[in-house]
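Contents: one structure, followed by commentary.
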Amino acid sequence: MVVLSSFYLSLLALPLVLPSLGVQAAPFNNSDPSLVRYKDNSFSTLVSLSALADPPIRAYAPRTPYSVNTISDVEVATYIPYTRLASASYCPTNLIKNWTCGQHCQSLPSMVVYDAGGNNQDVPYWYVGYLPLIESAVVAHQGTTPSELKSVLVDANYFLDDLDTKYFPKTNSGVQVHKGFADCHGKTADRINAAVKRILQDNQISKVVTVGHSLGGALAVLGGSGCCLQ
């Protein structure tokens with residue numbers, strides 16, 4: 034979701050408005066970090082406001098060409114279980130608990146689900162289980178549901194908030210995160226962490242895999258980071 038404030042919209046309108054007022058752009062200079070400099074000093078204050086934009090408006094050199102390494106079909110196949118796990122997170126909780134969510138569950142029949150929850154709105158579906166195939170505890174989070182307003186609003190709450198030291202101990206002060214993601218993570222973290230601990234103890238393993246797509250990817254990153262700090 035892209036949100037443009039009136040200030041940003043006014044900046045976008047500058048190239049259209051200024052020429053009509055007789056103001057012309059100065060020649061572009063690669064050594065100058067400003068994207069546009071105008072000759073008419075009467076507009077210098079207005080244009081300099083662009084420096085307040087976050088991120089600031091800057092001119093960048095063309096990206097340096099890079100090589101692409103092709104991976105084999107065998108390597109690609111090793112990622113399939115993780116995509117199945119992430120896809121299964123979109124299934125309703127009652128199906129996940131019984132691991133009967135269709136082809137994604139059928140492709141990983143050895144999964145043992147320990148806990149699952151979510152409401153497909155302000156709390157995306159999630160589940161925690163043990164997958165012997167990869168000898169790991171698995172935590173999966175559903176992504177944004179565009180048809181559910183509360184789900185979309187989680188993404189839209191993009192203000193920054195401090196990390197909760199309950200879930201992220203020993204982090205440096207001043208570390209902040211997307212507030213919507215942080216709030217969403219906090220609603221499920223206690224149950225998820227408890228289930229993960231049971232899996233690690235029951236199966237004598239130490240590996241935890243977190244997966245998710247879209248909003249679920251953000252929650253996977255937060256959850257994985259929190260596990261490492263517990």
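Residue numbering for the sequence shown follows my numbering, beginning at 34 and increasing consecutively. Cβ coordinates follow ideal geometry from the N, Cα and C atoms, glycine included. If you're wondering where the values come from, they're calculated on a predicted model, not measured in any experiment.
Original post:
Is DSSP giving D106 helix, strand or coil here?
Top reply: For the purposes of this step, residue 106 is identified with residue 73 of the sequence shown, where counting begins at 1. D106: helix per DSSP, three-state reduction.
Original post:
For the region 116-142, which segments carrying the alpha helix (DSSP H) assignment without a break, of at least 4 residues, lie completely within its bounds, in sequence order?
Top reply: 126-130 and 136-139
Subject >> Supposed contact pair S247 and T177 - C-beta distance, whole angstroms, cut 8 Å >> reply: Walking along the sequence shown from the start, residue 177 turns up at place 144. Walking along the sequence shown from the start, residue 247 turns up at place 214. At roughly 5 Å, the Cβ-Cβ gap stays under 8 Å, so T177 and S247 are in contact.
Original post:
Which residues bound the alpha helix (DSSP H) around L193?
Top reply: Taking the sequence shown and counting its residues from 1, one reaches residue 193 at position 160. Per DSSP, L193 belongs to no alpha helix (DSSP H); it is in the beta strand (DSSP E), L193 to D195.
**OP:** Provide the residue(s) that pair with Y160 in DSSP beta bridges, ordered along the chain.
**Re:** Position 127 of the sequence shown, counted from the first residue, corresponds to residue 160. A149 and A173, per the DSSP bridge assignment.
**OP:** Would you give the residue range spanned by the alpha helix (DSSP H) that H218 belongs to?
**Re:** Reading the sequence shown from its first residue, position 185 is the one you call residue 218. Start and end: K212 to N236.
Original post:
What three-state label does DSSP hand V241 in the structure shown?
Top reply: On the sequence shown, residue 241 is found 208 positions in, with the first residue counted as 1. Three-state result, V241: strand.
Original post:
V229 and A189 look like a contact to me (Cβ under 8 Å); what is the Cβ gap, rounded to whole Å?
Top reply: On the sequence shown, position 196 is the one that residue 229 refers to. On the sequence shown, position 156 is the one that residue 189 refers to. Rounded, the Cβ-Cβ distance is 29 Å, inconsistent with contact.
Subject >> Same chain, Cβ closer than 6 Å to C134, five either side skipped, listed in chain order >> reply: Within the sequence shown, numbered from 1, the residue matching residue 134 stands at position 101. Cβ within range, chain order: A121, C124 and L128.
Original post:
With distances taken from CA atoms, which of C138, D106 and P179 is nearest P157?
Top reply: Reading the sequence shown from its first residue, position 124 is the one you call residue 157. With distances taken between Cα atoms, P157 lies closest to P179.
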